[in-house]
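Everything on this sheet refers to the single structure shown next.
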Amino acid sequence: MSIDDDVALLERVPTLRLLGDASLRMLAIGSEQRDFVRGDVLFDLGDAADAGFVVQRGAFRVEDGAGAEMIAGPGSLIGELALVVPMKRPSRAIALEHSSVIRVARSLFQRVLESDPAAAVRLRDEFAVRSSQIASDILMAGAKLTS
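Heads up, the final residue of the sequence shown is numbered 147 in full-length UniProt numbering, and it's a clean run with no missing numbers.
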């Protein structure tokens, strides 16, 4: 895939779209592509998380330790929080077929944000909205459980 193809793919990811064209181009240039065959592990539960992954083609099953799972296909960002916070992986991701991802290292992502403060503010605002929504959802669920 070309840099322009990678930029177009990154632009499909809602979180990354907030960064704008120049920042997406920097991410596309600085990131790396990785290929997987069916059954390959992208990452395992408890691994150190130093990058996020955008699925280029194929699909991955992402499962947490409690049995919940989701399927991530092209345009999905796996490991979003790892782009901003050092952490251990809370899940495992396994290729369901021949697949490829763009690996975006946290260090690269942080350099992009440092070079574009306006993009960093947009991203911060998005995370604040999401956090507020999660808190509201938790309160609503708690209220339903106690009534």
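Beta carbons: idealized from backbone N, C-alpha and C, even for Gly.
- Distance from Ile94 to Leu42 at the Cβ level is roughly 7 Å; contact confirmed, criterion being Cβ atoms closer than 8 Å.
- Look at Gly52 here: in three-state DSSP terms it is strand.
- Going by beta carbons, Val54 and Val101 fall inside the 9 Å limit.
- The beta carbon of Arg103 lies closer than 7 Å to those of Ser31, Glu32, Arg34, Ala51, Phe53 in the same chain, with the five residues before and after it left out.
- Using a Cβ distance threshold of 9 Å, Leu83 and Phe109 count as a contacting pair.
- The Cβ atoms of Ala48 and Arg89 sit closer than 9 Å to each other.
- When only Cα atoms are considered, Gly73 and Gly20 end up about 23 Å apart.
- Non-local beta-carbon contacts of Glu63 in its own chain, meaning distances under 7 Å to residues more than five positions away in sequence, involve Glu69, Ser91, Arg92 in chain order.
- With a contact defined as Cβ atoms closer than 8 Å, Ile71 and Arg61 qualify at about 6 Å.
- Under the three-state reduction of DSSP output, Ala22 falls in the helix class.
- For the options Gly75, Ile134, Val85, the alpha carbon positioned closest to that of Pro14 is the one of Gly75.
- When the five nearest sequence neighbours on each side are left out, the beta carbons in the same chain lying within less than 7 Å of the beta carbon of Arg17 are those of Glu11, in order along the chain.
- Listed in chain order, the beta strand (DSSP E) runs fully inside the stretch 89-127 are 91-95, 99-105, counting runs of at least 3 residues.
- Between Val7 and Ala28 a beta carbon distance of about 5 Å is seen, short of the 8 Å cut, so the two are scored as contacting.
- Between the alpha carbons of Gly142 and Ala66 lies a distance of about 20 Å.
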